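Numbering (UniProt numbering), first residue to last: 1 to 727. All C-beta atoms in this analysis are idealised placements derived from N, C-alpha and C, irrespective of residue type, glycine included. No experiment lies behind these values; they were computed from the predicted model shown. See below for the structure under consideration.
Below, the structure written as structure tokens:
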């Protein structure tokens, strides 16, 4: 049958005489847990794939159908449901053949068609690319996976078989796919709890990228294992004997091999030699119940010496991917260091298969914890998508979230939250609820008040202090939050806040221009206002004010539309200066220009900047002095009486005699006066003189004058002047 005959078969419906016998080994695996009806559906999927790929070959020259069969075999080993097996067999038919999604839906139902479509589209994404198109595709596919995790399961198994046969690809493609595997598919497998597959993916990719390093590590493991066989065997027997003699009768004790990529990462991150990392041998103890897990822990701690601060209880507080176990490190026979994991057999199965254990045929009740945790992360992708500004931002957030260790924290009510390592109280607040993050003003950790940028640690109880209303978000928060959820909520709020601030600034600018002509914005309402807005080409007054504040329109030109033939009338005073009160103008937070560093009490100008919002300059600053009477974005400003204490940066230039210890003497003057020094730049003028540019923090202009006079009074001082960018 030719490849062109396939679509007509699909459209007319696939009858029994089109079926092709399943490969014998594949059929035997399927028969272990699937019934006749389900196997027949899988046979139909195999037949469709066989016809679709009939004339295609792989890079090694084998028939292409061998690839989807091997992918489906991996899923059979995981005991996945029939729809997943069907989708695995046909995962390339949409991409490579003349078959469409509607054909598959008619033959196999919506679920199979959706999974195949999702996997097919995932194959087109270049996750190593920085392009917006690829980022946009990744965004769409991650959202598709959030609706049905089987898309991800099939894709991970597809990648696993491709990595097993990667040697047949051109070298550049090998490197690219291996990097993608380590950066995305390995972490994704871990995120949904598939530890065994994740380890194999990473090891295969590592061997491909760094074959010599991999060979060295494998040789070191082999050498290390060979020299320790006797003592390892003795410890295994001792563990089993002690557990059985204390009533834990049905116990299994296994050695636990470390994968080469995890060893490589430890060598790089901890800067430790091979010997120190390889000397620690791992054991896994398997029992029947959670009670026996804790009993086993007590028994082995009684016989061997526990290493301090090396115990972790992932049974009481499971990892976000559903992993559960007790971890402990011990000094066994002859002070031989060992790591022990204690699990029930069910926990061990979930640790190996992850979320796939939830789909295992007729065992869906056994692994709800794993499924719920992984699905919670996947469903969180939808919320993440709503808060990100673009696809590239979303893609980066996904990769950041995947590449993270976790800390476990408690709310005051005792609820447990798993967050990325390095998380702050702000991350915690947004993890609990977006409203909590939006209203955070402080935090208590273990009942003690702490800064919002402190790094939280496992086991801490975190209480968030809130205001009754949403507080202004500080852009500096982006410098220390680490979770993508918090980061994207903050970015979303900053965008809204920037729009609000721009609108307020635009109103100030327009009112200023109208006052020059003896008019006011309040004079324009109803139909008269609508006519003006229509003539300008904006939908609303708020939109116009926002565009003015962002510098997208000019205030004087807009004012002319409001007041025809705008003229500065005789007797009309210059506009009233805007008031700076507690570093805000009409609730808009201002910034202080770095070029001139104005302080409280200076004569100043307020400038509406497109990117930075309202910026305050010294009136003599050359950046603004030439614009003040011509550009409505430059407004006169005066200081109100601050209700809070504020510090302002100022820059002073000091020239002195070039003597040993002169900088120390200058510094001591600031220290005695309680003045903080931000930065110091030194320069040698010639053999006799030295110069210093010093940035300090002061409360106001008077304090600045006072400290400058003290510097001038020093016997070696030649000059001390303030730099306000006026030359």
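Run the CB neighbour count on residue 11, radius 10 Å, all protein chains shown included, and call it buried at 16 or more, exposed below.
In the chain shown, residue 11 corresponds to position 11, counting from 1. Per-residue confidence for residue 11 stands at a pLDDT of 49, beneath the threshold of 50, marking its modelled position as unreliable; no derived number is given.
So residue 592 and residue 648 are supposed to be a Cβ contact under 8 Å. How far apart are they, rounded?
Taking the first residue of the chain shown as position 1, residue 592 is located at position 592. Taking the first residue of the chain shown as position 1, residue 648 is located at position 648. The Cβ separation is near 7 Å, so the contact holds.
Contact defined as beta carbons within less than 8 Å: I believe residue 640 pairs with residue 579. What is the distance between those atoms, to the nearest angstrom?
Translated into positions along the chain shown, residue 640 becomes position 640. Translated into positions along the chain shown, residue 579 becomes position 579. The pair is a contact, with the Cβ atoms about 5 Å apart (cut-off 8 Å).
Are the beta-carbon atoms belonging to residue 465 and residue 442 less than 8 Å from one another?
Looking up residue 465 in the chain shown gives position 465. Looking up residue 442 in the chain shown gives position 442. Contact: yes.
So the candidates are 353, 99, 339; which of them puts its Cα closest to the Cα of residue 757?
Lying outside 1 to 727, the shown extent of the chain, residue 757 is not represented and no answer is given.
Which of the three DSSP states, helix, strand or coil, is assigned to residue 480?
Taking the chain shown and counting its residues from 1, the one referred to as residue 480 is at position 480. Three-state DSSP puts residue 480 in coil, outside helix and strand.
Starting from the Cα of residue 215, find the closest Cα among 248, 259, 65 and give me that residue.
As a first step, residue 215 must be located in the chain shown, where it is residue number 215. Here the closest residue by C-alpha is 259.
Going by other Cβ atoms of all chains shown within 10 Å of its Cβ, with 16 needed for buried, is residue 572 buried or exposed?
Here residue 572 is taken as the residue at index 572 of the chain shown, counted from 1. Residue placement at residue 572 is poorly supported in this model, since its pLDDT is 43, which falls under 50; the coordinates still yield a value, given next. Answer is exposed; the Cβ neighbour count stays below 16.
Which parts of the stretch 215-298 are runs of the alpha helix (DSSP H), unbroken and 4 residues or longer, counting only runs that do not cross its ends?
Taking only runs of at least 4 residues, the alpha helix (DSSP H) segments lying wholly in the stretch 215-298 are 229-245, 260-270, 274-278.
With residue 101 and residue 94 assumed to form a contact (beta carbons below 8 Å), what rounded beta-carbon distance in angstroms separates them?
Numbered from its first residue, the chain shown carries residue 101 at position 101. Numbered from its first residue, the chain shown carries residue 94 at position 94. 7 Å between Cβ atoms; contact.
Could you name the residues that DSSP lists as bridge partners for residue 410?
In the chain shown, the residue the question calls residue 410 occupies position 410. According to DSSP, which records beta bridges pairwise, residue 410 is partnered with 416, 461.
Please classify residue 682: is it buried, with 16 or more other beta-carbons within 10 angstroms of its beta-carbon, or exposed?
Against the chain shown, residue 682 aligns to sequence position 682. Residue 682 is exposed by the Cβ-count criterion.
Can residue 83 and residue 111 be called in contact, C-beta distance under 8 Å?
On the chain shown, position 83 is the one that residue 83 refers to. On the chain shown, position 111 is the one that residue 111 refers to. Contact: yes.
Can you list, in chain order, the residues of its chain whose CB lies under 7 Å from that of residue 467, leaving out five sequence neighbours each side?
For the purposes of this step, residue 467 is taken as residue 467 along the chain shown, with counting starting at 1. Hits under 7 Å: 439, 441.
Within 10 Å of its beta-carbon, does residue 707 have 16 or more other beta-carbons around it, so buried, or fewer, so exposed?
As a working note, residue 707 is residue 707 in the chain shown. So residue 707 counts as buried.
Roughly how many angstroms separate the alpha carbons of residue 604 and residue 724, rounded to a whole number?
The residue given as residue 604 occupies position 604 in the chain shown. The residue given as residue 724 occupies position 724 in the chain shown. Those two C-alpha atoms are separated by around 11 Å.
Give the C-beta separation of residue 692 and residue 666 to the nearest angstrom, bearing in mind that I take them to be a contact with Cβ-Cβ under 8 Å.
Looking up residue 692 in the chain shown gives position 692. Looking up residue 666 in the chain shown gives position 666. Indeed they touch by this definition, with Cβ atoms about 7 Å apart.
In this structure, how does DSSP classify residue 702 when only helix, strand and coil are distinguished?
Here residue 702 is taken as the residue at index 702 of the chain shown, counted from 1. In this structure, residue 702 counts as helix in the three-state DSSP scheme.
Quick test of your reading: residue 39 and residue 50, contact by CB under 8 Å. State the CB separation rounded to the nearest angstrom.
One-based indexing of the chain shown puts residue 39 at position 39. One-based indexing of the chain shown puts residue 50 at position 50. Not a contact, Cβ separation roughly 16 Å.
Check the C-beta distance from residue 237 over to residue 284 and give it rounded, since I have them as a contact under 8 Å.
By 1-based counting over the chain shown, the position of residue 237 is 237. By 1-based counting over the chain shown, the position of residue 284 is 284. No, residue 237 and residue 284 are not in contact; Cβ-Cβ is about 15 Å, not under 8 Å.
Under the assumption that residue 340 contacts residue 330 (Cβ atoms under 8 Å), give the Cβ distance between them as a whole number of angstroms.
Start at 1 with the first residue of the chain shown, and residue 340 comes out as number 340. Start at 1 with the first residue of the chain shown, and residue 330 comes out as number 330. At roughly 6 Å, the Cβ-Cβ gap stays under 8 Å, so residue 340 and residue 330 are in contact.
Confirm, please, whether the CB-CB distance from residue 188 to residue 152 is below 8 Å.
Within the chain shown, numbered from 1, the residue matching residue 152 stands at position 152. Within the chain shown, numbered from 1, the residue matching residue 188 stands at position 188. Yes.
Mind checking residue 694: buried by the 16 CB within 10 Å criterion, or exposed?
Stepping through the chain shown from its first residue, residue 694 is reached at position 694. It is buried - the Cβ of residue 694 has at least 16 other Cβ atoms within 10 Å.
Give every residue of the same chain whose Cβ lies closer than 8 Å to the Cβ of residue 718, excluding the five residues on either side of it in the sequence, and list them in chain order.
Residue mapping note: residue 718 aligns to position 718 of the chain shown, counting from 1. Same-chain partners within the cutoff: 655, 656, 657, 689.
Check whether the stretch 416-433 touches the stretch 477-493, taking contact to mean three or more Cβ pairs, one atom from each stretch, closer than 8 Å.
Because the criterion of three Cβ pairs below 8 Å is met, the stretch 416-433 and the stretch 477-493 touch.
Closest to residue 224 by CA distance: which of 233, 177, 179, 281 is it?
Reading the chain shown from its first residue, position 224 is the one you call residue 224. It is 281 whose Cα lies nearest to the Cα of residue 224.
Any idea if residue 219 is buried or exposed, counting beta-carbon neighbours within 10 angstroms, 16 or more meaning buried?
Along the chain shown, one-based indexing puts residue 219 at 219. Flag for residue 219 reads exposed.
Can you have a look at residue 412 and say buried or exposed, based on whether 16 or more other CB atoms are within 10 angstroms of its CB?
Start at 1 with the first residue of the chain shown, and residue 412 comes out as number 412. Exposed, because fewer than 16 other Cβ atoms sit within 10 Å of the Cβ of residue 412.
What residues in its chain sit with their C-beta under 6 Å from that of residue 463, if we drop five residues either side in the sequence?
One-based indexing of the chain shown puts residue 463 at position 463. Hits under 6 Å: 412, 444.
Going by DSSP, what residues sit across from residue 306 in a beta bridge?
Working through the chain shown from its first residue, we reach residue 306 at position 306. Answer is 330.
Beta-carbon within less than 8 Å of residue 447's beta-carbon, same chain only, minus the 5 sequence neighbours each way: which residues are those?
By 1-based counting over the chain shown, the position of residue 447 is 447. Answer for residue 447: 461, 463, listed in chain order.
Just how far apart, CA to CA, sit residue 368 and residue 408?
Numbered from its first residue, the chain shown carries residue 368 at position 368. Numbered from its first residue, the chain shown carries residue 408 at position 408. With a pLDDT of only 47 at residue 368, under the threshold of 50, the placement of this residue in the model should not be trusted; the figure read from the coordinates follows. Rounded to the nearest angstrom, the two C-alpha atoms are 20 Å apart.
Assign residue 698 to buried or exposed, taking buried as 16 or more other Cβ atoms, counted over all protein chains shown, within 10 Å of its Cβ.
Here residue 698 refers to the residue found at position 698 of the chain shown. Buried, by the Cβ-count rule.
Within 10 angstroms of the Cβ of residue 676, are there 16 or more other Cβ atoms? Answer buried if so, exposed if not.
Locating residue 676 in the chain shown gives position 676, where the first residue counts as 1. Classification of residue 676: exposed, given that the 10 Å Cβ count is below 16.
How big is the Cα-Cα spacing for residue 417 and residue 319?
Walking along the chain shown from the start, residue 417 turns up at place 417. Walking along the chain shown from the start, residue 319 turns up at place 319. Computed Cα separation, rounded: 10 Å.
So, is residue 415 buried or exposed, given that buried needs 16 or more other C-beta atoms within 10 angstroms?
Position 415 of the chain shown, counted from the start, is the residue given in the question as residue 415. That one is exposed.
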